[in-house]
Amino acid sequence: MSEPKKLYIKTYGCQMNVYDSERMAEALGGKGYVETKTPDDADMILLNTCHIREKAAEKVYSELGRMKAFKVEKPDLKIGVAGCVAQAEGEEIMRRAPMVDLVVGPQSYHRLPAMDDAVQTGAKALDTDFPEDDKFATLKGRSKGKRAPTAFLTVQEGCDKFCAFCVVPYTRGSEVSRPADRIIREAQELVEAGVREITLLGQNVNAYHGHDGGLAGLIWELDKVDGLERIRFTTSHPNDMDDALIDAHGTCEKLMPYLHLPVQSGSNRILKAMNRKHTAEGYVRLIERIRAARPDLLLSGDFIVGFPGETEEDFEDTMQLVRDVHYGQAYSFKYSTRPGTPAAEKPQLPEDVMNDRLQRLQGLLREQQQATQASMIGREVKVLFEKAGREAGQMIGKSEYLHAVYAEAPADVLGTVRRVKIVDDSANSLKGQLIA
Ligand code: 5AD
Ligand code: SF4
Numbered sequence: 002m003s004e005p006k007k008l009y010i011k012t013y014g015c016q017m018n019v020y021d022s023e024r025m026a027e028a029l030g031g032k033g034y035v036e037t038k039t040p041d042d043a044d045m046i047l048l049n050t051c052h053i054r055e056k057a058a059e060k061v062y063s064e065l066g067r068m069k070a071f072k073v074e075k076p077d078l079k080i081g082v083a084g085c086v087a088q089a090e091g092e093e094i095m096r097r098a099p100m101v102d103l104v105v106g107p108q109s110y111h112r113l114p115a116m117d118d119a120v121q122t123g124a125k126a127l128d129t130d131f132p133e134d135d136k137f138a139t140l141k142g143r144s145k146g147k148r149a150p151t152a153f154l155t156v157q158e159g160c161d162k163f164c165a166f167c168v169v170p171y172t173r174g175s176e177v178s179r180p181a182d183r184i185i186r187e188a189q190e191l192v193e194a195g196v197r198e199i200t201l202l203g204q205n206v207n208a209y210h211g212h213d214g215g216l217a218g219l220i221w222e223l224d225k226v227d228g229l230e231r232i233r234f235t236t237s238h239p240n241d242m243d244d245a246l247i248d249a250h251g252t253c254e255k256l257m258p259y260l261h262l263p264v265q266s267g268s269n270r271i272l273k274a275m276n277r278k279h280t281a282e283g284y285v286r287l288i289e290r291i292r293a294a295r296p297d298l299l300l301s302g303d304f305i306v307g308f309p310g311e312t313e314e315d316f317e318d319t320m321q322l323v324r325d326v327h328y329g330q331a332y333s334f335k336y337s338t339r340p341g342t343p344a345a346e347k348p349q350l351p352e353d354v355m356n357d358r359l360q361r362l363q364g365l366l367r368e369q370q371q372a373t374q375a376s377m378i379g380r381e382v383k384v385l386f387e388k389a390g391r392e393a394g395q396m397i398g399k400s401e402y403l404h405a406v407y408a409e410a411p412a413d414v415l416g417t418v419r420r421v422k423i424v425d426d427s428a429n430s431l432k433g434q435l436i437a
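As numbered in the working numbering, the sequence shown has no gaps in its residue numbers, which increase by one up to the final residue, 437.
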C-alpha cells in the first residue's frame, strides 16, 4: 500500500476557521490525506486565512514567502490558500505568490477533493464562488475518531448587518443558517466521539433562523442531546438578543454563563457612523436584562478604537461604557481600513492617537479582567477537564465562565465536569483544588 499523503493546515483568525480547517481535513481525508503537525513532511500545505484586519493578510503573504522553500525542496508539494483572504483576494494571490496551486473560499471548500485532482495534474485551481449547493450537505458526517471534550460547530454563516468597518458580509456572504436537524445530528456525532461541550459558531450566531424558535430554539433542542453537558455560542449582535435567548441564559442549565456580546464603541455618534443600529444606552439596558436572567454571567466584548471621526470625547464615552458595564474579559482593536467597506473612504485618524487610545482602553479592560479573576478565589466552579497540564499530575480545563483552570487531578478526570475550588489566580489562568 502506498504511504498516505500528508496534509498540513495552518489556521488563522476566528473559531469558525478552526472549524472549517477540521472540515477541510475531513474532506481531504476522503482523498487519502492524513494531517501532519509540521509543514516539513507535508504533501499539501493549506493556509486557512483571516481578512478581518490588515496585518492578517500581510502575515499570509509573508508565510507564503517562507513556504516557497518547502516547494524548492519538494517540487510535488501543493500549496493552497483557503479562508477569507482567499475569498477577498482570489486570483491576486496567485499573481503575488505564483507558487500557490489552489485558492478556495470559505463557501466552496466542499469542492476540495475535485480541486485536489486538478492540482495533482499540475493545473491551478481557484474557487471563490458562493455556490447554490450547500457545502454542509455535500460534506460527509464528522469523522468517527476520538475527539477532545470540547468542539466547535458552525450553525450560521455570513452577515447582513454591514457594519461600516467590516469585511465579513463580503468575504462570508449573506446570512445562511443550517437546518436544526442536521446540527443536532452533527452534535450527536460529536458526543459519540467524546465531546462534552459544543460552542455554536456563526458570524452572527444569534441571528440563527434554522429553527422556528431561533437560536434559543436550537439550544433547547441541543439541551436534549444525552451526553452533551455544555453549550456555548459566539459571536452575537446586540440587536439579535431576543427574549427567548435571554431567558435561556437563566433557565437552560447546559447553557454556560458566558456571553461574548460586542458593542464596538460607547459613543452613539460613532455607533451610528459604524452602522451598528444600536445605541450605547440600549446596549447597557440589554446587559442589565441578561444579568437579571443570569446574575453571574461573565461578559466579554469587542471594541474598535480610532474609527474614522472618533474624537477624544467619543473615546471617553467608550471608556465610560466599559466602566459602567464591567467586562470579565474583552478584545480591543485599532481600527484597520478594509478596502471595499464604507468606512475605508473616510479620513483616517493618526496612528499615535489610535495607539494611545488602545493602550488606555486595554489598561482598563485588563484591570477589569484581573478583578474578575481575583473575585473567583474561594469560589467553587465546575471544570470540564480537557488535557494534561505542564506539570506531572496536573490537569487543565475550563470553568463555566471560560476561565482556564488547572488542578492536581488524576488523568481520569479528562472529559468530565468536576467541582473545583479556586485557590489562586495568575495572569491567564486560575489554580484550583478538586473537591472530592
Ligand atoms: N478594524 C478593526 N477591528 C475590526 N473588527 C472587525 N473589523 C475591523 C476593522 N476593520 C473587529 C470587531 C469585530 C471583531 C471580530 O474584529 O471588533 O467584532
Ligand atoms: Fe461584521 Fe459582526 Fe458587523 Fe456582521 S455584525 S458586519 S460580522 S462586525
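For every residue, glycine included, the Cβ atom is placed at its ideal position computed from N, Cα and C. It should be emphasised that the depicted structure is a prediction, and the values quoted were computed from it without experimental measurement.
The ligand 5AD and residue i: does the residue's C-beta get closer than 7 angstroms to at least one heavy atom of that ligand?
| i | result |
| --- | --- |
| ILE305 | yes |
| ARG339 | yes |
| ILE271 | no |
| PRO265 | The question names Pro, but residue 265 is Gln in the sequence shown. Yes, the Cβ of GLN265 comes within 7 angstroms of a heavy atom of the ligand 5AD. |
| ARG148 | no |
| PHE334 | yes |
Can you tell me where the alpha helix (DSSP H) with residue i in it begins and where it stops?
| i | result |
| --- | --- |
| GLU352 | 352-375 |
| VAL168 | Here VAL168 belongs to no alpha helix (DSSP H), and DSSP marks it neither H nor E. |
| ASN269 | 269-274 |
| ASP303 | No alpha helix (DSSP H) contains ASP303, which is instead part of the beta strand (DSSP E) from 299-306. |
| ARG286 | 281-294 |
| ASN49 | Where ASN49 is concerned, there is no enclosing alpha helix (DSSP H), although the beta strand (DSSP E) it sits in stretches over 45-50. |
| VAL19 | 16-30 |
| ASP117 | 113-121 |
| ARG173 | Element bounds for ARG173: n/a, residue is neither H nor E. |
| LYS69 | 55-74 |
| ALA245 | 244-252 |
Since residue i and residue j should fall inside the 8 angstroms C-beta cutoff, what is the C-beta to C-beta distance between them, to a whole number of angstroms?
| i | j | result |
| --- | --- | --- |
| TYR402 | LEU299 | 4 angstroms |
| GLN16 | THR312 | With a Cβ gap of about 34 angstroms, GLN16 and THR312 do not count as contacting. |
| CYS160 | ASN205 | 5 angstroms |
| ASN240 | HIS279 | 6 angstroms |
| GLY91 | LEU47 | With 8 angstroms as the limit, GLY91 and LEU47 do not qualify as a contact, their Cβ atoms being about 16 angstroms apart. |
| LEU216 | ASN207 | 5 angstroms |
| VAL323 | ARG358 | Not really, about 12 angstroms apart at Cβ, beyond 8 angstroms. |
| GLN265 | THR172 | About 18 angstroms separates the two Cβ atoms, so there is no contact after all. |
| HIS327 | GLN369 | 6 angstroms |
| PHE166 | THR12 | Rounded, the Cβ-Cβ distance is 23 angstroms, inconsistent with contact. |
| GLN108 | LYS136 | 6 angstroms |
| PHE308 | MET275 | 6 angstroms |
| LEU191 | ALA152 | 5 angstroms |
| GLN374 | LEU431 | 6 angstroms |
| TYR110 | ASP21 | 7 angstroms |
| GLY14 | ALA57 | 6 angstroms |
| LYS69 | MET100 | 5 angstroms |
What span of residues does the beta strand (DSSP E) with residue i cover, start to end?
| i | result |
| --- | --- |
| THR151 | 151-155 |
| GLN88 | Unbroken run through GLN88 is the alpha helix (DSSP H), 84-90; no beta strand (DSSP E). |
| VAL206 | Where VAL206 is concerned, there is no enclosing beta strand (DSSP E), given that its DSSP letter is neither H nor E. |
| LYS432 | 431-435 |
| GLY329 | Per DSSP, GLY329 belongs to no beta strand (DSSP E) and is neither H nor E. |
| GLU409 | 405-409 |
| HIS261 | 259-261 |
| SER400 | 395-400 |
| TYR9 | 6-12 |
| PHE386 | 381-389 |
Less than 7 angstroms separating the Cβ of residue i from some heavy atom of the ligand COA?
| i | result |
| --- | --- |
| ARG54 | Ligands present in the displayed structure are limited to the ligand 5AD and the ligand SF4, and the ligand COA is not among them. |
Open item on the list: So if I measure from each beta-carbon to every heavy atom of the ligand SF4 and keep distances below 6 angstroms, which residues remain?
Closed with: CYS160, LYS162, PHE163, CYS164, CYS167, VAL169, PRO170, GLN204, ASN205, HIS238
Task: Inter-stretch contact (C-beta, 8 angstroms, three-pair minimum) for the stretch 407-414 and the stretch 177-188 - done: no
- [ ] Tell me, please, whether the stretch 144-161 touches the stretch 120-127 by the rule of three or more beta-carbon pairs shorter than 8 angstroms.
- [x] no
Open item on the list: Could you check whether the stretch 374-383 touches the stretch 332-340, counting it as contact only if at least three pairs of C-beta atoms, one from each stretch, sit closer than 8 angstroms?
Closed with: no
Open item on the list: Does the structure place the stretch 50-70 close enough to the stretch 22-29 that three or more beta carbon pairs sit under 8 angstroms?
Closed with: no
Open item on the list: Whether or not the stretch 350-367 and the stretch 325-336 are in contact is what I'm after, with contact meaning three or more pairs of Cβ atoms, one per stretch, closer than 8 angstroms; do they touch?
Closed with: yes
Task: Touch test, the stretch 8-15 against the stretch 30-44, Cβ-Cβ under 8 angstroms, three pairs minimum - done: yes
Open item on the list: Assess contact between the stretch 195-205 and the stretch 107-126, defined as three or more Cβ pairs (one per stretch) separated by less than 8 angstroms. Is contact present?
Closed with: no
Open item on the list: Whether or not the stretch 385-400 and the stretch 409-422 are in contact is what I'm after, with contact meaning three or more pairs of Cβ atoms, one per stretch, closer than 8 angstroms; do they touch?
Closed with: yes
Open item on the list: I want to know whether the stretch 244-261 touches the stretch 285-295 - three or more CB-CB distances under 8 angstroms.
Closed with: yes
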